[in-house]
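Before any comments, here is the structure.
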Amino acid sequence: MGVERKDLVEQQLGRKPRGQYEIVAWCKTKPPHPQVIKTNPLVEGKPFPTLYYLTCPFLVKEISRIENEGYISKLEEKISRDTEYKVRFLKAQAAYIKERGLLSKGIAGVSNLERIKCLHAHYAHYLATGENPVGKQIEKLIISGSCHWGSCDKSRN
């Protein structure tokens, strides 16, 4: 990854990411911009709970809106009543734990694997792997057409 892309991630976040990382999901703008970074599971010698981190300012804002509309509890309700959905959700949690390998906690550091702590983390996991049913459901709730690359690349404004 070029230095300019790392600078872009720092602009998106408003800070340097903790530890080492790589960009694992890109938006479809021209030129493409980072959406998700994959962080090293160890930061400063300690396990870091977030493996996939959403960097796109538009998506962060949209998912905050979705969280504020109460979708964490709605999705947890779906997990509790829909057996097939619950199986897919737990499979995504298990894959996340296996990939990170240092902690037995799930996405966003949850101990109870049937709970959702952060929709941003689930959507980042979905964009990076395509394997998270919560992230897939969140994608349907995002208002499309509102993203513009200027919100990511401050040097172009």
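All residue numbers for the sequence shown refer to the working numbering, where the first residue is 3 and numbers rise by one. All C-beta atoms in this analysis are idealised placements derived from N, C-alpha and C, irrespective of residue type, glycine included.
- Per DSSP, residue 56 is one residue of the beta strand (DSSP E) stretching across 54-56.
- Boundaries of the beta strand (DSSP E) around residue 36: 36-41.
- 53 is the residue among 53, 36, 38, 37 whose C-alpha sits nearest the C-alpha of residue 44.
- Less than 9 Å separates the beta-carbon of residue 77 from that of residue 121.
- Only residues of its own chain outside the window of five on either side were considered, and among them none has a CB closer than 7 Å to the CB of residue 16.
- Spatial neighbours of residue 132 in its own chain (CB-CB distance under 6 Å, excluding positions within 5 residues in sequence) are not present.
- Nearest neighbour of residue 18 by Cα position, chosen from 26, 7, 27, turns out to be 7.
- In the three-state DSSP reduction, residue 44 falls in the strand class (E or B).
- In the three-state reduction of the DSSP assignment, residue 144 falls in the coil class, being assigned neither a helical nor a strand state.
- Contact between the segment 135-143 and the segment 63-81 is present, with at least three C-beta pairs closer than 8 Å.
- Taken in chain order, the complete alpha helix (DSSP H) segments of 4 or more residues contained in the segment 55-111 are 59-70, 73-83, 85-102.
- In the structure shown, the three-state DSSP call for residue 12 is helix.
- In the DSSP assignment, residue 25 forms a beta bridge with 39.
- Note that the segment 20-34 does not touch the segment 87-102; fewer than 3 beta-carbon pairs, one per stretch, sit closer than 8 Å.
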